[in-house]
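Worksheet for the structure shown next.
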Amino acid sequence: MSATPLLQRPEALAEFAADHPEFEQTRSLDELRASEYARLDRAGQVFLDYTAGGVYADAQIRDHAAFLTGGVFGNPHSTNVASLAMTQWVDRARAYVLQYFNASPDEYLVCFTQNASGALRLVGEAYPFTPDGHYLLTFDNHNSVNGIREFARAKGSRVTYAPVIPPDMRIDDDRMAAYLDEAGSGTGNLLAYPAQSNFSGVQHSLEWIERAQAKGWDVLLDAAAFVPTNRLDLGRWHPDFVPVSFYKVFGYPTGVGALIARKTALHKLHRPWFAGGTITVASVGGDRFFMAEGAEAFEDGTLDYLSLPAVEIGLRHIDRVGLDLIHTRVRCLTEWLLGALTALRHANGDQIVRIYGPTDAVDRGGTIALNLYDTNGHFIDHRIVEERANEAGISLRTGCFCNPGGGEVALGLSPEELTSCFVRAADRLALDEFRRCIDDKSTGAVRVSLGLVTTFEDVYRFAEFVAGFADRTATDA
Ligand SMILES: Cc1ncc(COP(=O)(O)O)c(C=O)c1O
């Protein structure tokens with residue numbers, strides 16, 4: 001028997017087109033890639049790391065440069081002419097973010113932050129955790145959501161992880177319902193989960209938001225990995241806190257994110273300090289201060305104000321392209337890639353790829369975590385895969401993607417194994433030392449993620465790359 005190969009490109013494309021007739025409606029994105037993202041093809045790059053960071057259109061840079069060179073802008077904390085000009089643009093950007101997410105200005109506020117992690121820290125450090133409160137979070141959260149547990153514990157709150165279950169890496173619905181019945185008697189009950197896991201691509205149910213709120217929870221919906229290719233309609237769903245990073249949506253600028261929060265939820269937060277910009281008055285002699293109202297109370301110091309017009313430019317760009325079109329395209333290409341990867345076999349009939357997460361396109365996004373296995377059934381170290389991918393001009397991500405819980409569940413690392421490594425370390429372990437401590441198990445995975453201008457050619461080239469591992473041993477890989 002010989003290895004199960006990939007179909008030749010023309011046949012694969014014909015089969016893909018027949019299976020996904022709706023893909024044809026997204027052809028404008030091929031044209032957009034050729035005109036506005038031509039540097040990807042000029043560089044011969046297959047970019048499959050959209051969950052880490054998106055790519056920008058040339059026009060976004062031109063429009064932002066035209067804005068910067070077309071006016072005189074000062075720090076919006078002042079009230080001189082240049083500052084007032086800037087304040088108008090900051091207000092516009094805030095309003096456009098709300099409009100983009102269909103969030104009512106009566107219900108929601110936008111606090112600009114440096115990134116999603118900055119937004120998460122704002123919630124974590126100021127949330128009213130108490131000893132009779134509860135921080136409930138899913139296993140597959142990003143580290144910046146995991147880190148909030150340290151604030152919760154410091155205030156004596158209970159912390160519970162809801163496990164995701166392999167191979168699909170979803171949460172059992174009944175089990176979630178049982179967790180939601182365990183809100184503490186205090187007011188500090190916070191549920192945090194990703195709308196889309198940045199590890200497995202799983203999209204958890206948005207229905208949990210209302211169910212949790214009805215049982216006394218505030219809900220932090222981490223939308224950082226979801227919003228680049230999915231519509232989050234805050235007129236339909238009403239999470240209390242939504243952190244996002246804009247560079248994941250449209251590539252440029254980096255360094256700007258937001259906490260989109262319900263006004264009622266923001267009122268519950270008690271900031272542990274004040275800073276320039278967050279107060280109406282602070283006195284040294286009088287030793288008191290008054291917090292500012294609204295978003296300003298959460299924006300420490302000077303915003304990256306010159307970048308905020310680029311946020312509006314980026315969101316308008318996505319609106320013009322059409323988020324639904326992007327969503328359809330990514331769904332079609334993800335479905336094809338999942339099918340192609342799971343079909344690849346060594347000559348002995350064993351699969352080359354093990355996928356951590358759903359292998360169909362239902363309730364999942366375009367983020368795929370996987371490991372490659374050799375012809376003897378041994379995993380191929382993800383660092384080797386990355387090296388080979390780099391040689392092939394393919395940008396992907398390896399490791400645990402700041403999502404240790406997802407990785408630990410997917411790779412079957414037991415709490416005992418993990419704890420013993422932490423206990424054995426006198427001080428701290430470097431990542432490599434930690435890997436050696438876990439011994440011969442894989443401690444990481446490979447992640448490919450699709451986005452705005454991914455093409456069939458991109459996903460085909462990745463499948464072709466993986467097919468190249470057929471019948472190889474880990475040593476000769
Ligand atoms: C789901 C999720 N949440 C939070 C973050 C943190 O984003 P940032 O690094 O921009 O703060 C990321 C980053 O990848 C993410 O994927």
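So that you can map any letter, position 14 of the sequence shown is 14 in my numbering, and since no number is skipped, the others follow by simple counting.
Built from N, CA and C at the ideal position, the CB exists for glycine as well.
Handout entry: Length-filtered (4 minimum) alpha helix (DSSP H) runs lying within the region 261-312
Key = DSSP runs (the alpha helix (DSSP H)) wholly in the region 261-312: 263-266.
Problem - Residues bridged to F112 [DSSP beta-bridge criterion] - result: Here residue 112 refers to the residue found at position 112 of the sequence shown. Per DSSP, A258.
Problem - Backbone secondary structure at T342 - three-state DSSP - result: Here residue 342 refers to the residue found at position 342 of the sequence shown. Helix, per DSSP.
Exercise for the section: Compare the C-alpha of N143 against each of A192, D168, D181 and name the closest. Expected result: Position 143 of the sequence shown, counted from the first residue, corresponds to residue 143. That would be A192, whose Cα lies nearest to the Cα of N143.
Problem - beta-carbon Q196 near ligand 1 non-hydrogen atom, thresh 8 Å - result: Counted from its first residue, the sequence shown places residue 196 at position 196. Yes, the Cβ of Q196 comes within 8 Å of a heavy atom of ligand 1.
Practice task
Tell me whether V145 counts as near ligand 3, meaning its Cβ is closer than 8 Å to at least one heavy atom of that ligand.
Solution key: The ligand content of the structure shown is limited to ligand 1, which means ligand 3 is not among them.
Exercise for the section: Pull up the distance between the alpha-carbon of F47 and that of G156, whole angstroms please. Expected result: In the sequence shown, the residue the question calls residue 47 occupies position 47. In the sequence shown, the residue the question calls residue 156 occupies position 156. Each residue's Cα considered, the two are about 44 Å apart.
Handout entry: Straight-line gap, L337 to E417 (C-alpha atoms, nearest Å)
Key = As a working note, residue 337 is residue 337 in the sequence shown. As a working note, residue 417 is residue 417 in the sequence shown. Rounded to whole angstroms, L337 to E417 spans 33 Å at the Cα level.
Handout entry: Beta-carbon contacts of V227 that lie in its chain and below 7 Å, excluding the five residues immediately before and after
Key = Residue 227 sits at position 227 when you count from the first residue of the sequence shown. Non-local C-beta neighbours of V227 in its own chain, meaning closer than 7 Å and more than five positions away in sequence, comprise V244, V249, ordered along the chain.
Handout entry: N189 - DSSP class collapsed to helix/strand/coil
Key = One-based indexing of the sequence shown puts residue 189 at position 189. Strand.
Problem - Distance between L325 and V459 (C-alpha atoms, nearest Å) - result: The residue you call residue 459 lines up with position 459 of the sequence shown. The residue you call residue 325 lines up with position 325 of the sequence shown. C-alpha of V459 to C-alpha of L325: approximately 18 Å in a straight line.
Handout entry: Close-in-space but distant-in-sequence residues of the same chain around E36 (CB under 7 Å, 5 per side omitted)
Key = As a working note, residue 36 is residue 36 in the sequence shown. Correct list, in chain order: A57, D58, A59.
Practice task
Answer yes or no: do G197 and D106 have a C-beta to C-beta separation smaller than 9 Å?
Solution key: For the purposes of this step, residue 197 is taken as residue 197 along the sequence shown, with counting starting at 1. For the purposes of this step, residue 106 is taken as residue 106 along the sequence shown, with counting starting at 1. The question names Gly, but residue 197 in the sequence shown is Ser. Result no, Cβ atoms of S197 and D106 do not sit closer than 9 Å.
Handout entry: Cβ-Cβ separation, A212 to L481 (assumed contact under 8 Å), whole Å
Key = Nothing about residue 481 can be reported from this structure: the residues present for the chain run from 1 to 477 only.
Practice task
With DSSP as the reference, label I384 as helix, strand or coil.
Solution key: Reading the sequence shown from its first residue, position 384 is the one you call residue 384. Reduced to three states, the DSSP call for I384 is helix.
Exercise for the section: Below 7 Å CB to CB, which residues in the same chain sit around G188 once its five sequence neighbours on both sides are set aside? Expected result: Working through the sequence shown from its first residue, we reach residue 188 at position 188. Y127, P128, F129, T130, G133, S157, listed in sequence order.
Problem - I394 versus R9, Q45, F23, residue with shortest Cα-Cα distance - result: What you label residue 394 is simply residue 394 of the sequence shown in a count that begins at 1. Among R9, Q45, F23, the Cα nearest to that of I394 is on Q45.
Handout entry: 7 Å Cβ shell around A343 - same chain, five flanking residues per side excluded
Key = Residue numbering aside, residue 343 sits at position 343 when the sequence shown is read from its first letter. Within the same chain, A343 has close Cβ partners T4.
Problem - Residue from T475, G444, T455, D240 with nearest C-alpha to F23 - result: Numbered from 1 along the sequence shown, position 23 holds the residue referred to as residue 23. With distances taken between Cα atoms, F23 lies closest to T455.
Handout entry: At least three beta-carbon pairs within less than 8 Å, the region 280-299 to the region 234-241
Key = no
Exercise for the section: Please confirm if the region 73-90 is in contact with the region 300-314, defined as three or more CB-CB distances below 8 Å between the two stretches. Expected result: yes
Handout entry: Runs of alpha helix (DSSP H) lying entirely within the region 140-213, each at least 4 residues, in chain order
Key = Entirely contained in the region 140-213, the alpha helix (DSSP H) runs reaching 4 residues are, in chain order, 143-146, 148-154, 173-180.
Practice task
Tell me whether D30 counts as near ligand 1, meaning its Cβ is closer than 8 Å to at least one heavy atom of that ligand.
Solution key: In the sequence shown, the residue the question calls residue 30 occupies position 30. For D30, the shortest separation between its Cβ and any heavy atom of ligand 1 does not lie below 8 Å.
Handout entry: Touching by the beta-carbon criterion (3+ pairs, under 8 Å), the region 260-271 and the region 347-358
Key = No, the region 260-271 does not touch the region 347-358.
Problem - Residues near R329 in its chain [Cβ-Cβ closer than 8 Å; skip 5 each side] - result: As a position in the sequence shown, residue 329 is number 329, starting the count at 1. Answer for R329: F23, T26, L29, T454, listed in chain order.
Practice task
State the Cα-Cα distance for the pair V110 and A93, rounded to the nearest angstrom.
Solution key: As a first step, residue 110 must be located in the sequence shown, where it is residue number 110. As a first step, residue 93 must be located in the sequence shown, where it is residue number 93. If I take the Cα positions, the gap works out to 9 Å.
Problem - DSSP beta-bridge partners of T4 - result: Indexing the sequence shown from 1 puts residue 4 at position 4. Answer is R345.
Exercise for the section: Put I544 into one of helix, strand or coil per three-state DSSP. Expected result: The structure shown has nothing for residue 544, since the chain only spans 1 to 477.
Handout entry: Closer than 8 Å: H204 CB and nearest ligand 1 heavy atom
Key = Mapped onto the sequence shown, residue 204 falls at position 204. For ligand 1, not one heavy atom lies less than 8 Å from the Cβ of H204.
Problem - Per-residue DSSP class, three states only, for L506 - result: Not covered by the structure: residue 506. The range shown for the chain is 1 to 477.
Handout entry: Short Cβ contact (9 Å threshold) for V123 with A261
Key = Taking the sequence shown and counting its residues from 1, one reaches residue 123 at position 123. Taking the sequence shown and counting its residues from 1, one reaches residue 261 at position 261. Yes; because the gap between Cβ atoms is below 9 Å, this pair is in contact.
Exercise for the section: Pull up the distance between the alpha-carbon of R320 and that of A119, whole angstroms please. Expected result: In the sequence shown, the residue the question calls residue 320 occupies position 320. In the sequence shown, the residue the question calls residue 119 occupies position 119. A straight line joining the alpha-carbon of R320 with that of A119 spans about 27 Å.
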